[in-house]
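Novice: Handing you this structure, nothing more for now.
In this note's numbering, the protein residues as written are 1 to 297.
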């Protein structure tokens with residue numbers, strides 16, 4: 001059993017049978033590549049790997065101070081790989097099956113308050129073509145709670161602005177409909193009607209909403225840089241990324257009383273437990289409850 005053939009077949013399985021996104025497929029293959037490199041160092045063939053090998057590999061990886069979340073994802077990837085080999089290559093057993101992932105503490109995500117979001121959006125220079133585009137980007141990130149990959153792959157043909165909905169392709173190429181508010185609609189229309197027609201659009205990006213100045217699809221990295229520059233401009237010191245707007249979108253909906261199942265659908269979460277992280281209550285609210293209702297306050 002050769003590594004290259006096993007990885008090639010595993011990739012095909014992830015793409016065709018699991019219907020995973022390109023980013024997810026690459027993550028799985030990177031996990032397998034790490035184990036392959038370790039086995040080459042230890043002069044072990046793929047069929048020689050047992051549970052002790054995986055344990056020693058995880059101990060070796062841990063010396064690089066990777067986070068428990070990364071360790072858990074790595075082990076999950078290896079379990080999927082060997083489960084595939086059990087079926088496809090009929091190996092005797094999955095050497096990773098009985099290994100437990102590190103215990104994870106779910107962290108409350110960093111969110112922006114409404115004033116901070118407004119400050120970032122108001123810092124955009126609307127006198128430039130890029131500024132009008134960036135305004136629409138931030139309005140839709142916060143207004144619809146998109147992942148950055150969903151944003152850069154958003155298609156014009158999936159905008160149903162007349163009925164105030166957009167369709168996005170999420171993880172695993174799963175599609176979902178998300179309501180879009182009037183403010184985001186306003187600035188997307190400005191961008192599409194007044195800015196985008198002046199960009200020399202490349203043929204492969206003809207149906208893509210957000211383009212760079214050369215008419216190509218905007219990249220994830222570029223969206224990160226846009227937000228980092230605005231944070232610098234406003235003096236915002238919080239950790240900030242496109243995902244912060246997604247967290248803020250969900251947190252503000254839940255704090256405002258939105259049904260958790262509805263938020264789950266809009267975010268595209270498979271499990272409600274992932275969405276429940278947004279049910280955290282801010283300290284000011286807790287303090288007001290104590291002050292108002294506790295007899296010793």
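All residues carry an ideal CB built from backbone N, CA and C; glycine is no exception.
Any contact between the segment 1 to 13 and the segment 66 to 86? By contact I mean 3 or more CB pairs, one from each, below 8 Å.
Specialist: In short, these stretches touch, since the Cβ pair count reaches three.
Novice: Taking its Cβ as the centre, do 16 or more other Cβ atoms sit within 10 Å of residue 248, making it buried, or is it exposed?
Specialist: By the neighbour-count rule (16 or more Cβ atoms within 10 Å), residue 248 is buried.
Novice: Using only alpha-carbon positions, find the residue among 26, 59, 95, 114 that is nearest to residue 251.
Specialist: 114
Novice: Using only CA atoms, which one of 68, 67, 259, 35 lies nearest to residue 57?
Specialist: 35
Novice: What does DSSP give as the partner residue(s) for residue 168 in the beta ladder?
Specialist: 176
Novice: Once the 5 residues before and after residue 119 are set aside, which same chain residues still bring their CB inside 8 Å of it?
Specialist: 234, 236
Novice: Using CA coordinates, which residue listed in 20, 61, 19 is at the minimum distance from residue 299?
Specialist: There is no way to answer for residue 299, as the model of the chain reaches only from 1 to 297.
Novice: Go to residue 128, then tell me how far its alpha helix (DSSP H) extends in each direction, as first and last residue.
Specialist: In the DSSP assignment, residue 128 falls outside any alpha helix (DSSP H), carrying neither H nor E.
Novice: On the criterion of 16 or more Cβ atoms from any shown chain inside 10 Å, does residue 242 qualify as buried, or is it exposed?
Specialist: buried
Novice: Alpha helix (DSSP H) containing residue 298: first to last residue?
Specialist: The first residue shown for the chain is 1 and the last is 297, placing residue 298 beyond what the model contains.
Novice: Kindly give me the distance between the Cβ atoms of residue 145 and residue 246, rounded to whole angstroms, as I take these residues to be in contact under 8 Å.
Specialist: 5 Å
Novice: Please report the straight-line C-alpha distance between residue 162 and residue 98, rounded to a whole angstrom.
Specialist: 53 Å
Novice: According to DSSP, simplified to helix, strand and coil, what is residue 208?
Specialist: Residue 208 falls in the strand class under three-state DSSP.
Novice: In terms of alpha-carbon separation, which member of 174, 140, 15, 2 lies closest to residue 269?
Specialist: 174
Novice: Going by the beta-carbon positions, is the gap between residue 117 and residue 210 smaller than 8 Å?
Specialist: no
Novice: For residue 64, which of helix, strand or coil comes out of DSSP?
Specialist: coil
Novice: For residue 80, is the classification buried or exposed, using 16 other Cβ atoms within 10 angstroms of its Cβ as the cut-off for buried?
Specialist: Residue environment analysis places residue 80 among the buried positions, since at least 16 neighbouring C-beta atoms fall within 10 angstroms of its C-beta.
Novice: Let me know if residue 52 comes out buried or exposed under the rule of 16 or more other beta-carbons within 10 Å of its beta-carbon.
Specialist: exposed
Novice: Return yes when the Cβ of residue 89 is within less than 8 Å of the Cβ of residue 222, no when it is not.
Specialist: Cβ atoms of residue 222 and residue 89: not closer than 8 Å.
Novice: Just confirm the distance between the C-beta atoms of residue 147 and residue 265, as a whole number of angstroms; I'd bet it's less than 8 Å.
Specialist: No, residue 147 and residue 265 are not in contact; Cβ-Cβ is about 15 Å, not under 8 Å.
Novice: In three-state terms, what does DSSP make of residue 90?
Specialist: coil
Novice: Let me know the secondary structure DSSP gives residue 7 once reduced to three states.
Specialist: helix
Novice: Please return the same chain residues whose Cβ sits closer than 8 Å to the Cβ of residue 143, not counting the five positions on each side in sequence.
Specialist: 180, 181, 183, 184, 249
Novice: Residue 159 bridges to which residues according to DSSP?
Specialist: 166
Novice: If I'm right that residue 126 touches residue 132 with Cβ under 8 Å, what's the distance once you round it to whole angstroms?
Specialist: 6 Å
Novice: Does the distance from the C-beta atom of residue 218 to that of residue 152 stay below 8 Å?
Specialist: yes
Novice: Determine the direct distance from the alpha carbon of residue 259 to that of residue 281, and round the result to whole angstroms.
Specialist: At residue 281, the pLDDT of 43 sits below 50, so the modelled position is not reliable; the number obtained from the coordinates is stated separately. Their backbone Cα atoms lie some 15 Å apart in a straight line.
Novice: With respect to the alpha helix (DSSP H) encompassing residue 185, which residues constitute its N-terminal and C-terminal limits?
Specialist: Note, residue 185: alpha helix (DSSP H), 182 to 190.
Novice: In the DSSP assignment, find the alpha helix (DSSP H) that holds residue 264 and state where it starts and stops.
Specialist: Element bounds for residue 264: 260 to 267.
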